[in-house]
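Residue numbers (full-length UniProt numbering): 1 to 277. The block underneath contains the structure these notes are about, expressed in structure tokens.
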Amino acid sequence: SMEGAPPPASPAGLSAYVAVSQLLGLTLLTTTGAWLGRYRGGVAWNGHLQFNVHPLCMVLGMVFLQGDALLVYRVFRHEAKRSTKALHALLHGLALIIALIGERRGLGWVDGDRSGPGGYGFLSSGIVAVFESHRAKGIPNMYSLHSWCGMATFVLYLLQWLLGCGFFLLPGASFSLRNRYKPQHVFFGMALFALSIAACLLGITEMLLFNISDSYSRFVPEGVLANTLGVMLVAFGLVVGYILTRDDWKRPPLAEELALSMDFKTLTEGESPGGGS
1 SMEGAPPPAS
11 PAGLSAYVAV
21 SQLLGLTLLT
31 TTGAWLGRYR
41 GGVAWNGHLQ
51 FNVHPLCMVL
61 GMVFLQGDAL
71 LVYRVFRHEA
81 KRSTKALHAL
91 LHGLALIIAL
101 IGERRGLGWV
111 DGDRSGPGGY
121 GFLSSGIVAV
131 FESHRAKGIP
141 NMYSLHSWCG
151 MATFVLYLLQ
161 WLLGCGFFLL
171 PGASFSLRNR
181 YKPQHVFFGM
191 ALFALSIAAC
201 LLGITEMLLF
211 NISDSYSRFV
221 PEGVLANTLG
231 VMLVAFGLVV
241 GYILTRDDWK
251 RPPLAEELAL
261 SMDFKTLTEG
271 ESPGGGS
């Protein structure tokens, strides 16, 4: 009997690649914080530093947490599928919340005063921080390639998450419907991760051209640091992408999942015309 047997070890090399991805991810966050702290005055929940919440939230949510959500099925190989699925959805949901809401101290009134531009109160966030900051400074919204790509990625990411929850977490979707949707879900999951990184690269370039366009070409320290952040974003994406596309590193179905799959297959084939031999 296999019941008492310990779960098989992870494939050779997988743990090392996952460790490298996490090291890169934490370095990304540290580098983003260092750039904003050293050269952009830091991060504040209101005032002229409110915009700086945006890059920090995007790197944390749309890159680091999204990447980790994708890795869940490679890292947790022997846990129950439903638990792994719930963690996958939870991390993606957290990434969405950080991207949209970020850190905020509340809505409306802060210290008895209207603290947000235009009397909207204080609302600081990944996406909202940009609109609030632009409104305060009189800068138009949604005109740049970065804003187009970023907003499209966020909206598609939200849609992907809602569809994923509907098909795979909530009861109701049939086994065959899930199987038909799964290839799209997997493809768009990786595509949106790549688009998130691309939007970050466009955002870094835009921020540098806004702030240091006169000196950027002279290899000033801020430009070099931000460029290094961009290279690390690409490296993180490549490492995560490599882990996800190695066929022999995919999560093997557990014995009970295989049995369930066969039961469903028999049931659906038995019910379909000409299903029996």
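A virtual CB, placed ideally from N, CA and C, is assigned to each residue, including glycine. In this text the structure is predicted, and so the values were computed from the model without any measurement.
Check: If you draw a straight line from the alpha carbon of residue 197 to that of residue 151, how long is it in whole angstroms?
Finding: 13 Å
Note to self: Buried or exposed, going by whether 16 or more other CB atoms sit within 10 Å of the CB of residue 129?
What the structure shows: buried
Item checked: Under 8 Å between C-beta atoms of residue 31 and residue 229 -> Yes, Cβ-Cβ distance for residue 31 and residue 229 is below 8 Å.
Item checked: CA-to-CA distance, residue 193 to residue 180, given in whole angstroms -> 22 Å
Next item on the list: Would you identify the three-state DSSP class for residue 15, choosing helix, strand or coil?
Entry: helix
Item checked: the region 39-50 / the region 230-247 touching (three or more Cβ pairs under 8 Å) -> no
Check: What runs of the alpha helix (DSSP H), each 4 residues or longer, lie entirely inside the region 27-113?
Finding: Counting whole runs of 4 or more residues, the region 27-113 contains the alpha helix (DSSP H) stretches 53-58, 66-75, 81-100.
Margin query: Taking 6 Å as the limit between beta carbons, can you name the residues of its chain near residue 81, skipping five residues before and five after?
Written below: Annotation for residue 81: 257 place their beta carbon closer than 6 Å to its own, counting only its chain and skipping 5 residues before and after.
Margin query: Can you tell me whether residue 168 is helix, strand or coil according to DSSP?
Written below: Residue 168 falls in the helix class under three-state DSSP.
Next item on the list: Consult DSSP for residue 217 and reduce its assignment to one of helix, strand or coil.
Entry: Note: residue 217 maps to helix in three-state DSSP.
Next item on the list: Note down, in chain order, each residue of its chain lying with its Cβ closer than 7 Å to the Cβ of residue 113, except the 5 sequence neighbours on either side.
Entry: With a pLDDT of only 36 at residue 113, under 50, the local geometry of the prediction cannot be trusted, and the value read off the model is given with reservation. There are no such residues.
Checklist line | residue 54 vs residue 126 beta-carbon contact at 8 Å | finding: yes
Check: Secondary structure at residue 253, three-state DSSP: helix, strand or coil?
Finding: coil
Checklist line | With 16 other Cβ atoms within 10 Å as the buried cut-off, status of residue 15 | finding: exposed
Item checked: residue 66, buried or exposed, once every other Cβ within 10 Å from all chains shown has been counted against 16 -> buried
Next item on the list: My understanding is that residue 225 touches residue 34, with C-beta atoms under 8 Å, so please give their C-beta distance in whole angstroms.
Entry: The beta-carbon separation of residue 225 and residue 34, rounded to 7 Å, stays under the 8 Å limit for a contact.
Margin query: Taking 8 Å as the threshold (C-beta atoms), are residue 164 and residue 89 in contact?
Written below: yes
Notebook entry, point to check: Would you say residue 60 and residue 29 are within 8 Å of each other, going by their C-beta atoms?
Noted result: Yes, they are a contact pair.
Next item on the list: Would you give the residue range spanned by the alpha helix (DSSP H) that residue 181 belongs to?
Entry: 175-212 is the span of the alpha helix (DSSP H), which, as asked, contains residue 181.
Notebook entry, point to check: Under a three-way DSSP split, which group does residue 147 fall into?
Noted result: helix
Next item on the list: Please name the residue, chosen from 218, 95, 201, that lies closest to residue 161 on a Cα-to-Cα basis.
Entry: 95
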